């Protein structure tokens, strides 16, 4: 009986989970499922499709539920309570995935699902933990999308040390055991390779060229303002990569530097006042020295408080960045 039970577990194991966050893609969701089904027809392994509806306000969820009748696709639909953003929707899909490998892609038909089988073969052949798609021939506007993306990719690679051509491509393949160790928050889906590099060596992160199509339906959810958000997010990534477990070192280093400069200034003024007999009451250097001293004390104490908060957060906060309203599946559509 135990042998039969073990055999059943192996037989029912899912090799690949395909996760697709969708938001107001009522015209794209039906063709998307069809394309994924056709692309995976000759995959030869067990797989599942997880659509995460990120609080769509159009007919996206209704159109997605129509696809549950197709028994050739093991489909689940995770409906979030409201719009939490692409990162939270992606996290919800990853948490719901049961596959040994996880593939993610956008729901706007710009990523090509036919690249998934080749990427699965590549991540295993190259023994990687993350394989990132590279939109080598990107079908987007030059000034509003391509140039800001090139600049962002250069900055991200320079700061994080993970050299990739295309951080923003949503088509990625992960080892599930690795990506489930990473908690995505805010709008950090652009920096997933950097977060993964905090768990595994960057040598286990690779990329390969993938097909990219022009948008056919709907409108893009991104604009030029995304560039400024990327810069702010990049600063957060840099902080978390280097100082997440020791924020006191970040604030303390700045505080010690300010304190050292303050000490030099105040010692100089002490000598000037008491040994040379000069008046220092109206000198701007005195104000600068005192302000640097106060800043030093404040930064060091901030570092201590940040250390305490980081320890409390890492030990107690397991709240996910999303709320699931319902989960629909072909076997139980009203679950």
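Residue numbers (my numbering): 1053 to 1387. Quick reminder that beta carbons are idealized off the backbone N, C-alpha and C, glycines included. Values in this document were obtained by computation on a predicted structure and should not be read as measured data.
Give a yes or no on whether the C-beta atoms belonging to residue i and residue j are separated by under 8 Å.
i, j, result
"residue 1211", "residue 1319", "no"
"residue 1155", "residue 1374", "no"
"residue 1300", "residue 1348", "no"
"residue 1181", "residue 1252", "yes"
"residue 1068", "residue 1099", "yes"
"residue 1159", "residue 1113", "no"
"residue 1088", "residue 1105", "no"
"residue 1302", "residue 1355", "yes"
"residue 1228", "residue 1126", "no"
"residue 1325", "residue 1317", "no"
"residue 1341", "residue 1327", "no"
"residue 1307", "residue 1338", "no"
For residue i, count neighbouring C-beta atoms within 10 Å of its own C-beta (all shown protein chains included) and say buried if the count is 16 or more, exposed if not.
i, result
"residue 1133", "exposed"
"residue 1206", "exposed"
"residue 1361", "exposed"
"residue 1176", "exposed"
"residue 1139", "buried"
"residue 1314", "buried"
"residue 1073", "buried"
"residue 1142", "buried"
"residue 1094", "exposed"
"residue 1380", "buried"
"residue 1334", "exposed"
"residue 1137", "buried"
"residue 1323", "exposed"
"residue 1364", "exposed"
"residue 1240", "buried"
"residue 1343", "exposed"
"residue 1122", "exposed"
Residues in the same chain with beta-carbon distance under 6 Å from residue i, minus the five sequence neighbours each way, listed in chain order, please.
i, result
"residue 1164", "1263"
"residue 1061", "Its pLDDT being 39, under 50, residue 1061 is placed unreliably in this model, and the coordinates cannot settle the point."
"residue 1378", "1131"
"residue 1097", "1067"
Based on Cα-Cα distance, which residue from the options lies nearest to residue i?
i, options, result
"residue 1296", "1178, 1359, 1335, 1218", "1359"
"residue 1102", "1066, 1171, 1337", "1066"
"residue 1242", "1232, 1260, 1255, 1201", "1201"
"residue 1291", "1308, 1153, 1231, 1246", "1246"
"residue 1174", "1256, 1124, 1091", "1256"
"residue 1213", "1260, 1289, 1317", "1289"
"residue 1169", "1110, 1333, 1224", "1224"
"residue 1309", "1336, 1233, 1345, 1323", "1345"
"residue 1167", "1294, 1136, 1124, 1091", "1091"
"residue 1304", "1209, 1293, 1357", "1357"
"residue 1209", "1123, 1231, 1244, 1096", "1244"
"residue 1388", "1336, 1248, 1124", "The chain is shown only over 1053 to 1387; residue 1388 falls outside these bounds and no answer can be derived."
"residue 1376", "1135, 1231, 1382", "1135"
Ignore the nearest five residues each way along the sequence and tell me which others in residue i's own chain have a CB closer than 7 Å to its CB.
i, result
"residue 1265", "1161, 1162, 1164, 1191"
"residue 1115", "1078, 1081, 1082"
"residue 1178", "1258"
"residue 1076", "1108, 1109, 1110, 1112, 1270"
"residue 1189", "1264"
"residue 1054", "Note that residue 1054 scores a pLDDT of 47, beneath 50, so its modelled location is shaky and nothing firm can be said."
"residue 1336", "none"
Between residue i and chain D, is there a C-beta pair that is closer than 8 Å?
i, result
"residue 1224", "Among the protein chains of the structure shown there is no chain D, as only one such chain exists."
Roughly how far, in whole angstroms, is the beta-carbon of residue i from the beta-carbon of residue j, given that I think they are within contact range, below 8 Å?
i, j, result
"residue 1222", "residue 1284", "So it is not a contact: roughly 21 Å between Cβ atoms."
"residue 1204", "residue 1226", "So it is not a contact: roughly 21 Å between Cβ atoms."
"residue 1184", "residue 1216", "6 Å"
"residue 1260", "residue 1186", "6 Å"
"residue 1234", "residue 1149", "Contact flag wrong, Cβ pair sits at about 13 Å."
Residues in the same chain with beta-carbon distance under 8 Å from residue i, minus the five sequence neighbours each way, listed in chain order, please.
i, result
"residue 1385", "Per-residue confidence for residue 1385 stands at a pLDDT of 44, beneath the threshold of 50, marking its modelled position as unreliable; no derived number is given."
"residue 1057", "Low per-residue confidence applies at residue 1057: pLDDT is 40, beneath 50, and the placement is therefore not dependable, though the value from the model is reported in the following sentence. Within the same chain, residue 1057 has no close Cβ partners at all."
Say yes only if the C-beta of residue i is nearer than 7 Å to one or more non-hydrogen atoms of the ligand ADP, and no if none qualify.
i, result
"residue 1304", "Ligands are entirely absent from the displayed structure, and the ligand ADP is therefore not among its contents."
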